[in-house]
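A.B. asks:
2 protein chains.
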Amino acid sequence: MEKKLQILSDILRRNGYSITRPRSLVFGLLNDEEPQSMHDIYMRAKGKIDRASLYRTIKIFEQTGIAQRVYVGWKYKVELTDIFLHHHHHISCLGCHKLIAISEDEQIEKLIQELAVKHHVVATSHQLEVQGYCADCQLSQAVLSQ
Amino acid sequence: MEKKLQILSDILRRNGYSITRPRSLVFGLLNDEEPQSMHDIYMRAKGKIDRASLYRTIKIFEQTGIAQRVYVGWKYKVELTDIFLHHHHHISCLGCHKLIAISEDEQIEKLIQELAVKHHVVATSHQLEVQGYCADCQLSQAVLSQ
DNA sequence: ATAAAAACTGCAACAAATTTGCAAATTATC
DNA sequence: GATAATTTGCAAATTTGTTGCAGTTTTTAT
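Heads up: the sequence lines are chains D and H, in that order. Anchor point for the first sequence: position 47 equals 47 in this note's numbering, and the numbering is continuous, going up by one each time. Anchor point for the second sequence: position 26 equals 172 in this note's numbering, and the numbering is continuous, going up by one each time.
#1: Thinking D:Y71 and H:R215 are a contact (beta carbons under 8 Å), I'd like their distance in whole angstroms, please.
#2: Pop quiz: D:L29 and D:I41 are said to be a contact at Cβ under 8 Å. What is the actual Cβ separation, rounded to whole angstroms?
#3: If you compare alpha carbons, which of H:L240, H:Q284, H:K150, H:Q209 is closest to H:V276?
#4: Sorted by chain position, which residues of the same chain lie with C-beta nearer than 7 Å to H:A262's C-beta, five sequence neighbours on each side aside?
#5: Where does H:A213 fall in DSSP's three states?
#6: Please report the distance separating the alpha-carbon of H:M147 from that of H:I204.
#7: H:V224 CB to nearest chain D CB: under 8 Å?
#8: Using the Cα positions of H:S183 and H:L200, report the straight-line distance between them to the nearest angstrom.
#9: Please report how far the alpha carbon of H:G162 lies from the alpha carbon of H:L154, in whole angstroms.
#10: Below 8 Å between beta carbons: does that hold for H:H265 and D:I91?
#11: What are the start and end residues of each continuous beta strand (DSSP E) run of 3 or more residues lying completely inside the region 102-142 of chain D, in chain order?
#12: What does D:I60 touch in chain H if you count any residue whose Cβ is under 8 Å from its own?
#13: Kindly indicate if chain D contains any beta-carbon less than 8 Å away from that of H:G211.
#14: Return the residue from the list D:K3, D:P22, D:L85, D:F84 that minimises the CA-CA distance to D:R51.
#15: Shortest alpha-carbon distance to D:I66 belongs to which of D:F27, D:S103, D:L99, D:K77?
#16: How would you list, in chain order, the residues of chain D whose beta-carbon sits under 7 Å from the beta-carbon of H:E275?
#17: Output, in chain order, the set of chain H residues within a Cβ distance shorter than 7 Å of D:L111.
#18: Rounded to a whole number of angstroms, what is the C-alpha to C-alpha distance between D:K46 and D:Q6?
#19: Could you tell me whether the Cβ of H:S291 comes closer than 8 Å to any Cβ of chain D?
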């Protein structure tokens, strides 16, 4: 955690932003969890940050590659980029809205690095979302479409 | 296009929804374009659909795997799933917010199918977003951090 | 350490995006 | 074609995100 805070400071400073209480707070809340909605974060901050500042903070985090918005589990959420998190991807089931975690996959990461090189880009983060039907829901689908 | 409309009808019907004028309209608007914001779609529909119905339609499209919401180019947008579109992925530059299209990549698609099998899922669609710095912005980054 | 400058926060008001209830209209069923 | 079931548009409500500004915190340069 110490190390992460150091990286956070470095990134903010390098981009000309101050490192403040509310920003560290939000970073902390994002750190140990799954993607969270703005409302989740606001609630967990328990009055220690204003809505406006929260939104401003997330915008800065986005623009500096600290966090990113994602649409996952049928909601818009925010998560730290994979600089900070041992990230994983998700499959969301169209039938029951269940989320299935895909653990870190070397092949995917490698592929993305190749893509980045091909397009002369330094890739700092990425997200992959897959939609489909889980085993349970394949059954009910099959029944429904008879 | 005829074929796509057939698939659309099938999916809606199989899920117990009627196939209506506004729904076909929205599908048509989504069909020939890049991801679009709700506002884009509403505007292009030119009064032929109410905002409420548009939102209800998109929700149904999401839940039946016809369309999906994505966060791309720093905006929330909607696009058809890859059942309907020859989709591609994006790299967004954190510096200048430029979008770089990644053309369809066999390796990615194959990898996702493998993942799906491993998790006993039938994958119907997916999105991949990559963030990073384009060639131009790598330069300015380097200058800034001196 | 400390004062001045710069950046940031909270508040309140605002604007945009999304949701909901309900009567009228459309689509599906027989 | 008539009836039942579903969907639509409208208006109002809610939720989500933004903005201007005075006061506070952080940074910078002593």
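Heads up, the beta-carbon is just placed ideally off N, CA and C, and yes, glycines get one too.
C.D. replies: The relevant details are as follows:
#1: Correct: roughly 5 Å between the Cβ atoms.
#2: In this structure D:L29 touches D:I41 by the C-beta definition: roughly 5 Å separates them, less than 8 Å.
#3: Taking only the C-alpha atoms, the option nearest H:V276 is H:L240.
#4: Cβ-Cβ distances below 7 Å link H:A262 to V268, A269 in the same chain, with the five nearest sequence neighbours on each side left out; the list follows chain order.
#5: Three-state result, H:A213: strand.
#6: Cα to Cα, the separation comes out at about 19 Å.
#7: So, not an interface residue.
#8: H:S183 and H:L200: Cα-Cα distance of roughly 12 Å.
#9: Cα to Cα, the separation comes out at about 12 Å.
#10: Cβ atoms of H:H265 and D:I91: closer than 8 Å.
#11: Entirely contained in the region 102-142 of chain D, the beta strand (DSSP E) runs reaching 3 residues are, in chain order, 122-133.
#12: Correct list: empty, because the minimum Cβ distance to chain H is about 12 Å.
#13: H:G211 has a beta carbon lying within less than 8 Å of a beta carbon in chain D.
#14: Comparing Cα positions, the closest option is D:P22.
#15: Here the closest residue by C-alpha is D:F27.
#16: What H:E275 touches in chain D: H126, Q127.
#17: The CB of D:L111 comes closer than 7 Å to the CB of Q253, I254, L257 in chain H, given here in chain order.
#18: Going from the Cα of D:K46 to the Cα of D:Q6 covers about 25 Å.
#19: Reliability fails at H:S291, whose pLDDT of 42 lies under 50, so the model's placement of it is uncertain and the value that follows must be treated cautiously. True, the Cβ-Cβ gap to chain D drops below 8 Å.
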